[in-house]
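Asker: In order, the protein sequences belong to chains A and B. Using the working numbering, you'd call the opening residue of the first sequence number 4 and step up by one each time. Using the working numbering, you'd call the opening residue of the second sequence number 11 and step up by one each time. Backbone N, C-alpha and C fix where the C-beta goes; we use that ideal spot for every residue, glycine too. Below you will find the structure I want to go over with you.
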Amino acid sequence: MPDVTGERLLCGWGRAGATRALLVSPRDGGEIASLFSRSDFSRSGRGGMIARGLGRSYGDAAQCAGGTVVDTTAHLTGIGEVGPSGEVEVGAGTSLDELVRQTLHKGWFLPVTPGTRHVTVGGAFAADVHGKNHHVEGSFARHTTAITLSTPEGEHRVSAADDPELFWATAGGMGLTGIVTSASIRMLPVETDRMLVDTDRFSGLDAVMAAMEEGDERHRYSVAWVDCSRSGRAVLTRGDHARLDDLPPGARRPFREHPVRPLLRAPGHVPNGLINRVSIAALNEVWYRRAPAHREAELQSLWHFFYPLDAVADWNRLYGASGFLQYQFAVPLKRGDVVALAIRELSRQRVPSSLAVLKRFGPASPGPLSFPMPGWTLALDVPIGAEEVAQCLDRLDDAVGGAGGRVYLAKDSRLRPDLVPIMYPRLAELHEVRRRVDPGGVLRSDLSRRLGLD
Amino acid sequence: MLDAFGQPQSAVVLGGSSDLAGAIVDALARRRCKTVVLAGRDEDRLASAARAAKTAGAERVVGVRFDALDVADAVRAVDESFDAAGAVDLVLLAVGVLSAERDELDPARTAEVVTATYCWPAVALTRVAARLQEQGYGRIVVLSSVAAVRVRRQNFVYASAKAGLDDFSIGLSEALRTSGVVVQVVRPGRVPTKMTAGLPKAPLSATPEAVAEAVMAGLESRAQVVWVPASARWALLLARFVPQWLWRRIPG
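Now the structure itself:
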């Protein structure tokens with residue numbers, strides 16, 4: 004039988020809405036099968052089961068109140084040899100951090116990375132995460148050649164060619180089609196661990212959006228940080244991997260040691276309200292002033308470029324005990340007005356929102372629940388406890404849904420359930436696959452119950 | 011399920027026909043709450059509360075009958091309410107009987123007030139706690155009163171029972187700290203309701219709508235104690251230290 008850690012109170016990265024579940028750590032697919040075969044996992048009965056990695060989903064995606072949560076990080080780990088074309092088999096519970104550490108000095112980097120490297124490979128696939136290169140490279144699943152998936156109906160090796168329905172329903176399917184135990188990922192060859200970065204400052208949202216439409220294609224990576232408190236002034240950073248001959252002649256070591264520990268750690272107890280309008284406005288001001296009006300081809304460490312927030316461990320605690328949420332939505336390219344509306348509304352509500360991240364997405368992946376769609380995406384942190392925010396976000400949801408856009412389920416903790424089929428019109432394809440691989444409805448999470456996905 | 015703002019999708023309301031409960035259910039149903047179980051004594055009042063809940067946006071409203079004087083029946087009432095709701099995100103306890111000066115030397119009336127305001131709720135909450143722990147999550151909101159913080163001569167029978175319930179709920183909240191179940195105590199000032207009709211308007215009074223708004227904010231903050239109005243917190247902190255000879259002279 005799998006290791007049973009015991010009953011645990013689990014919450015998402017936003018630290019709101021913790022629920023209690025039995026936490027287990029199976030060693031392999033066989034042990035997961037024995038969990039699935041337990042009789043108390045009926046749809047009506049107590050229970051349900053969902054996989055959990057490093058708990059970086061902001062909301063309730065990796066929780067299962069009163070049921071069983073499968074921790075993949077204890078045993079379902081490991082990194083194989085990187086093949087000549089970059090393919091590597093990785094355990095689902097392995098973190099992207101570990102994967103980068105093991106492979107970067109050999110000249111390989113993640114094909115797609117989110118803003119933190121402390122997520123697991125299984126979670127990255129199940130949320131079909133995206134990074135700053137989505138406009139050219141698409142989302143995580145596009146670079147995953149196959150997965151091993153444990154379902155109540157047995158273990159499957161699934162690739163997009165053999166079983167496209169199951170593969171793509173699992174990419175972005177938030178764990179509702181099974182538990183990914185390992186994945187084969189095609190890594191990206193890089194010559195150095197540094198980036199060549201262009202930085203530009205813009206006084207308004209329109210200007211930065213125009214610059215992104217015009218120039219994103221020239222860079223592999225592009226993202227803008229927008230100050231919501233000041234009518235959308237923004238800093239756009241775009242970059243590419245530095246080649247060996249981009250390095251200064253005296254310092255051509257392609258790969259350097261990277262410190263394992265984060266620079267800072269947030270204290271264990273932080274009062275509510277530390278992150279407020281004043282402190283946020285001050286931070287945003289510093290951030291904007293620090294950025295150059297225009298700078299080209301600056302050499303930056305890859306770690307700094309991709310993972311600025313990972314320098315502060317447990318930064319989510321800074322929001323205090325009430326916690327916070329992240330609101331991220333995507334709208335079609337022509338509906339940039341919804342991005343402007345969101346920034347206007349949230350600044351009018353005087354939400355003490357830190358910087359919002361604005362990104363232009365490229366083509367969508369075939370996953371029915373995969374979040375990215377061609378267009379714009381905006382993500383911002385919102386502390387819980389600010390007045391009227393809930394209603395404000397509800398109104399924004401309507402605008403997003405009405406524009407043919409959607410809210411990111413991996414970050415969600417408050418969406419109105421009736422908007423899910425509007426935002427994800429191919430939801431029926433997930434249900435179709437679930438009827439095949441999970442006819443008993445064992446796989447469910449707090450998220451799936453809240454949004455009626457199961 | 012509860013969302014990040016603590017808003018429930020399903021609620022069980024014990025004492026579902028009270029004015030305060032009505033205002034809170036209205037606010038909940040306008041947000042996310044689609045399933046409401048209203049448990050109470052008076053069938054007609056439950057029916058009109060159910061109509062109001064539907065108007066506010068609830069899709070499924072179920073009535074459950076109980077009598078708060080029948081302590082032995084409390085477990086049945088809770089179980090029936092839970093079974094009717096399916097998963098229960100929020101339990102609102104709004105049960106109680108106000109006492110008046112004319113009642114205070116009447117043993118039978120004292121028994122009624124204490125039973126309905128303390129005994130039945132305490133037994134019911136014990137069962138609610140067990141059911142929610144089984145679910146692995148849930149929210150309990152107990153309507154207490156500022157009167158429970160420092161008992162006054164005018165309604166001491168009721169206030170003492172509320173004081174007992176208030177302390178019971180705080181204790182329950184501590185006992186459930188790591189269970190995923192959050193217990194919150196709401197202490198409104200005097201609310202002009204059918205219970206207080208005819209009494210003069212008191213300081214620190216709160217309308218049912220103000221209580222509902224404070225409960226919504228409390229669901230979000232997960233505060234153990236919610237004061238309505240918020241200033242009551244400081245007034246009552248002061249009141250704890252007022253000597254009795256002065257306390258009895260303060261009007262209201």
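I believe GLN66 (chain A) touches SER451 (chain A) by the beta-carbon criterion, under 8 Å. Please report the beta-carbon distance rounded to the nearest angstrom.
Answerer: Here the question's residue 66 (chain A) lines up with position 63 in the first sequence. Here the question's residue 451 (chain A) lines up with position 448 in the first sequence. With a Cβ gap of about 10 Å, GLN66 (chain A) and SER451 (chain A) do not count as contacting.
Asker: To be precise: take each residue of the segment 354–388 of chain A, compare its Cβ to all Cβ atoms of chain B, and keep it if any distance is under 8 Å. Which residues remain?
Answerer: ILE387 and GLY388
Asker: CA-CA distance, MET198 (chain A) and ARG120 (chain A)?
Answerer: Counting from one through the first sequence, the residue named residue 198 (chain A) turns up at place 195. Counting from one through the first sequence, the residue named residue 120 (chain A) turns up at place 117. Cα-Cα distance, rounded: 17 Å.
Asker: Excluding the five sequence neighbours on either side, which residues of its own chain have a C-beta within less than 8 Å of the C-beta of VAL238 (chain A), listed in chain order?
Answerer: Mapped onto the first sequence, residue 238 (chain A) falls at position 235. Hits under 8 Å: THR202, ASP203, ARG204, PHE205, ALA227, TRP228, TRP290, TYR291 and ALA294.
Asker: Alpha carbon to alpha carbon, how far is ASP63 (chain A) from ALA163 (chain A)? Give it in angstroms, no decimals.
Answerer: Mapped onto the first sequence, residue 163 (chain A) falls at position 160. Mapped onto the first sequence, residue 63 (chain A) falls at position 60. Their backbone Cα atoms lie some 28 Å apart in a straight line.
Asker: Please name the residues in the segment 318–343 of chain A whose beta-carbon is closer than 8 Å to at least one beta-carbon of chain B, in chain order.
Answerer: ALA324, SER325, GLY326 and LEU328
Asker: Alpha carbon to alpha carbon, what distance is there between ASP80 (chain B) and ILE278 (chain A)?
Answerer: To locate residue 278 (chain A), count along the first sequence from 1; it is residue 275. To locate residue 80 (chain B), count along the second sequence from 1; it is residue 70. Our two residues, ILE278 (chain A) and ASP80 (chain B), have alpha carbons roughly 49 Å apart in a direct line.
Asker: Applying the 10 Å Cβ sphere with the 16-neighbour rule, what's the burial state of SER40 (chain A)?
Answerer: Looking up residue 40 (chain A) in the first sequence gives position 37. Taking all protein chains shown into account, SER40 (chain A) has fewer than 16 neighbouring C-beta atoms within 10 Å of its C-beta and is therefore exposed.
Asker: To which residues does DSSP link LYS414 (chain A) through a beta bridge?
Answerer: Taking the first residue of the first sequence as position 1, residue 414 (chain A) is located at position 411. LYS414 (chain A) has no beta-bridge partner at all, per DSSP.
Asker: Is there at least one Cβ from chain A nearer than 8 Å to THR45 (chain B)'s Cβ?
Answerer: Sequence index remark: in the second sequence, residue 45 (chain B) carries index 35 (1-based). No, THR45 (chain B) lies away from the interface with chain A (no Cβ there is under 8 Å from its Cβ).
Asker: With DSSP collapsed to three states, give me the class of ALA254 (chain A).
Answerer: Along the first sequence, one-based indexing puts residue 254 (chain A) at 251. Of the three classes helix, strand and coil, the one that applies to ALA254 (chain A) here is coil, per DSSP.
Asker: Under the DSSP definition of a beta bridge, which residues are partnered with SER98 (chain A)?
Answerer: Translated into the one-based positions of the first sequence, residue 98 (chain A) becomes position 95. SER98 (chain A) is bridged by DSSP to A:THR123.
Asker: Less than 8 Å between CB atoms is the rule here; does ASP63 (chain A) satisfy it with respect to chain B?
Answerer: Sequence index remark: in the first sequence, residue 63 (chain A) carries index 60 (1-based). It does; some Cβ of chain B falls within 8 Å.
Asker: Return the first residue and the last residue of the alpha helix (DSSP H) that GLN143 (chain B) is part of.
Answerer: One-based indexing of the second sequence puts residue 143 (chain B) at position 133. Element bounds for GLN143 (chain B): 130–145.
Asker: With DSSP as the reference, identify every bridge partner of PRO295 (chain A), one or two as the case may be.
Answerer: Here the question's residue 295 (chain A) lines up with position 292 in the first sequence. According to DSSP, residue pairing for PRO295 (chain A) in a beta bridge does not occur.
Asker: With LYS44 (chain B) as the anchor, note down where its alpha helix (DSSP H) starts and where it stops.
Answerer: On the second sequence, position 34 is the one that residue 44 (chain B) refers to. Here LYS44 (chain B) belongs to no alpha helix (DSSP H), and DSSP marks it neither H nor E.
Asker: Do you know how far the Cα of ARG280 (chain A) is from the Cα of LYS44 (chain B)?
Answerer: Sequence index remark: in the second sequence, residue 44 (chain B) carries index 34 (1-based). Sequence index remark: in the first sequence, residue 280 (chain A) carries index 277 (1-based). Computed Cα separation, rounded: 34 Å.
Asker: Quick one: what's MET52 (chain A) bridged to in DSSP?
Answerer: By one-based count along the first sequence, residue 52 (chain A) stands at place 49. Beta-bridge pairing links MET52 (chain A) to A:THR71 and A:LEU446.
Asker: Alpha helix (DSSP H) containing GLU194 (chain A): first to last residue?
Answerer: Counting from one through the first sequence, the residue named residue 194 (chain A) turns up at place 191. Per DSSP, GLU194 (chain A) belongs to no alpha helix (DSSP H) and is neither H nor E.
Asker: Can you find a CB in chain B that lies within less than 8 Å of the CB of SER45 (chain A)?
Answerer: Translated into positions along the first sequence, residue 45 (chain A) becomes position 42. Here SER45 (chain A) scores only 45 on pLDDT, less than 50, and its place in the model should not be relied on; the value that follows carries that caveat. No, its Cβ sits nowhere closer than 8 Å to a Cβ of chain B.
Asker: With DSSP collapsed to three states, give me the class of GLU390 (chain A).
Answerer: Counted from its first residue, the first sequence places residue 390 (chain A) at position 387. Coil.
Asker: Hey, LEU182 (chain B) and ASP99 (chain B): beta-carbon distance below 8 Å or not?
Answerer: Taking the first residue of the second sequence as position 1, residue 182 (chain B) is located at position 172. Taking the first residue of the second sequence as position 1, residue 99 (chain B) is located at position 89. In this structure, ASP99 (chain B) does not lie closer than 8 Å to LEU182 (chain B) by Cβ.
Asker: What's the gap between the Cα of SER304 (chain A) and the Cα of ASP196 (chain A)?
Answerer: Numbered from 1 along the first sequence, position 301 holds the residue referred to as residue 304 (chain A). Numbered from 1 along the first sequence, position 193 holds the residue referred to as residue 196 (chain A). Looking at the two C-alpha atoms, the distance is approximately 6 Å.
Asker: Show which residues of chain B have a CB atom less than 7 Å away from the CB atom of THR487 (chain A).
Answerer: This structure leaves residue 487 (chain A) out entirely; chain A is present only between 4 and 457.
Asker: At a CB-CB cut-off below 8 Å, which residues of chain B make contact with GLY69 (chain A)?
Answerer: Taking the first residue of the first sequence as position 1, residue 69 (chain A) is located at position 66. By Cβ distance, chain B contributes GLU144, GLN145, GLY146 and TYR147.
Asker: Let me check one thing: in DSSP terms, what residues is LYS362 (chain A) bridge-paired to?
Answerer: Your numbering for residue 362 (chain A) matches position 359 in the first sequence. For LYS362 (chain A), which the question treats as bridged, DSSP gives the partners A:THR380.
Asker: Less than 7 Å between C-beta atoms, sequence neighbours within five positions excluded: which residues of the same chain meet that for ARG55 (chain B)?
Answerer: Position 45 of the second sequence holds residue 55 (chain B). Excluding sequence neighbours, ARG55 (chain B) sits near SER27.
Asker: Quick one: residues in its chain with C-beta nearer than 6 Å to the C-beta of TYR310 (chain A), no 5 flanking neighbours on either side, listed in chain order?
Answerer: As a position in the first sequence, residue 310 (chain A) is number 307, starting the count at 1. Cβ neighbours of TYR310 (chain A) beyond the five flanking positions: ARG120.
Asker: Suppose contacts are defined by Cβ-Cβ distances below 8 Å. Is VAL161 (chain B) in contact with PRO198 (chain B) by that definition?
Answerer: By one-based count along the second sequence, residue 161 (chain B) stands at place 151. By one-based count along the second sequence, residue 198 (chain B) stands at place 188. In this structure, PRO198 (chain B) does not lie closer than 8 Å to VAL161 (chain B) by Cβ.
Asker: Taking only the alpha-carbon atoms, compute the straight-line gap between LEU250 (chain A) and ARG438 (chain A) and give it to the nearest angstrom.
Answerer: Residue 250 (chain A) sits at position 247 when you count from the first residue of the first sequence. Residue 438 (chain A) sits at position 435 when you count from the first residue of the first sequence. If I take the Cα positions, the gap works out to 54 Å.
Asker: Let me know the secondary structure DSSP gives GLU90 (chain A) once reduced to three states.
Answerer: Within the first sequence, the letter at position 87 stands for residue 90 (chain A). Note: GLU90 (chain A) maps to strand in three-state DSSP.
Asker: ASP13 (chain B) CB to nearest chain D CB: under 8 Å?
Answerer: The structure shown contains no chain D; its protein chains are A and B.
Asker: Taking Cβ positions, are GLY141 (chain A) and PRO117 (chain A) nearer each other than 8 Å?
Answerer: As a position in the first sequence, residue 141 (chain A) is number 138, starting the count at 1. As a position in the first sequence, residue 117 (chain A) is number 114, starting the count at 1. Contact flag unset, no.
Asker: CB GLY56 (chain A) to CB GLY96 (chain A), shorter than 8 Å?
Answerer: Taking the first residue of the first sequence as 1, we reach residue 56 (chain A) at position 53. Taking the first residue of the first sequence as 1, we reach residue 96 (chain A) at position 93. Going by C-beta atoms, GLY56 (chain A) is nearer than 8 Å to GLY96 (chain A).
Asker: ARG232 (chain B) versus chain A: which residues are under 7 Å apart at the beta carbon?
Answerer: Along the second sequence, one-based indexing puts residue 232 (chain B) at 222. Chain A residues near ARG232 (chain B): SER325.
Asker: Pick out whichever of B:ALA97, B:SER155 and B:TRP257 has its Cα sitting closest to the Cα of LEU103 (chain B).
Answerer: For the purposes of this step, residue 103 (chain B) is identified with residue 93 of the second sequence, where counting begins at 1. Checking every option, the nearest Cα to that of LEU103 (chain B) belongs to B:SER155.
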